[in-house]
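Notes to accompany the following structure.
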Amino acid sequence: RKEVEQDPGPFNVPEGATVAFNCTYSNSASQSFFWYRQDCRKEPKLLMSVYSSGNEDGRFTAQLNRASQYISLLIRDSKLSDSATYLCVVSGGGGNKLTFGTGTQLKVEL
Amino acid sequence: EPEVTQTPSHQVTQMGQEVILRCVPISNHLYFYWYRQILGQKVEFLVSFYNNEISEKSEIFDDQFSVERPDGSNFTLKIRSTKLEDSAMYFCASTGQGRTEAFFGQGTRLTVV
């Protein structure tokens, strides 16, 4: 089983749409959870940390379900500039190293 | 806004040659990392470094690889004898004390020919 599993997509959505990404992780000892964004051939950039209580940052909402080992990201009112690959990332269970999913590609279209 | 900087942005080297990739982490950060991403694949952990020593390394980080913090600002990754399969994007990252969010440099694209 992959350590962090994501649907690779691509998700093609019209501007203004709401889109949701899901992710599962295998290590129950994982302690920290993140969504990163990666543009083509660029570095991963932190989008948001994910907490058990859920957290929101503008149009972005992240949720964590520790019992199901499941993380989600919701993007509302999609913009063209949201087009990127969204990386589900976990750490902990031994050190601060980050374990990445393969990413979910989002394409927002006119 | 403080950022992690990496040099060079692109390095082309012949198979068997040594390369050194350089990074300047964010100044008050204490934990440093190298990751790599082969084209079309996921980002993979190589090594973490804290208090002037390796704290964790992956199976990828074999004897061909080494890291060093030669002074108070630079953090380097050396590959002694490059192989074709070392071709990848190499990212340096750093985190602050008590934090887990990592900030990445813009990467060095290594091409081994």
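From first to last, the protein sequence lines are chains S and B. Be aware that the first sequence starts at 4, since it is given in the numbering used here, and climbs by one per residue. Be aware that the second sequence starts at 13, since it is given in the numbering used here, and climbs by one per residue. Glycine included, each C-beta is placed from N, C-alpha and C at the ideal position.
- With respect to M27(B), L89(B) sits apart: the two C-beta atoms are not nearer than 8 angstroms.
- Boundaries of the beta strand (DSSP E) harbouring Q108(S): 107–112, taken from the DSSP string.
- Beta-bridge annotation (DSSP): I78(S) is paired with V22(S), F63(S).
- For A32(S), there is no enclosing beta strand (DSSP E), as DSSP gives it neither H nor E.
- When secondary structure is reduced to three states using DSSP, S52(S) falls in the strand class.
- With contacts defined by Cβ atoms closer than 8 angstroms, I38(B) and S106(B) form a contacting pair.
- For Q118(B), the neighbours in chain S by C-beta distance under 8 angstroms run, in chain order, K45, E46.
- Residue pairing of S60(B) in beta bridges, as defined by DSSP: Y45(B), E68(B).
- For T88(S), none of the residues of chain B pass the 9 angstroms Cβ criterion, the least Cβ distance being about 10 angstroms.
- Of all alpha-carbon atoms in S94(S), N99(S), Y89(S), V53(S), the one lying nearest the alpha-carbon of T107(S) is that of Y89(S).
- Counting of Cβ neighbours within 10 angstroms places T21(S) among the exposed residues, the total staying below 16.
- With respect to chain S, the C-beta atom of T17(B) has no partner C-beta closer than 8 angstroms.
- Closest option to Y43(B), judged by alpha-carbon separation, among S60(B), S70(B), V36(B): S60(B).
- The C-beta of K100(S) comes closer than 8 angstroms to at least one C-beta of chain B.
- The count of Cβ pairs closer than 8 angstroms, one atom from the region 34–42 of chain S and one from the region 6–23 of chain S, stays below three, leaving the stretches out of contact.
- Chain B has a Cβ within less than 8 angstroms of the Cβ of T105(S).
- The CB of V31(B) never comes closer than 8 angstroms to any CB in chain S; the least such distance is about 19 angstroms.
- In the three-state reduction of the DSSP assignment, E80(B) falls in the strand class, which pools E and B.
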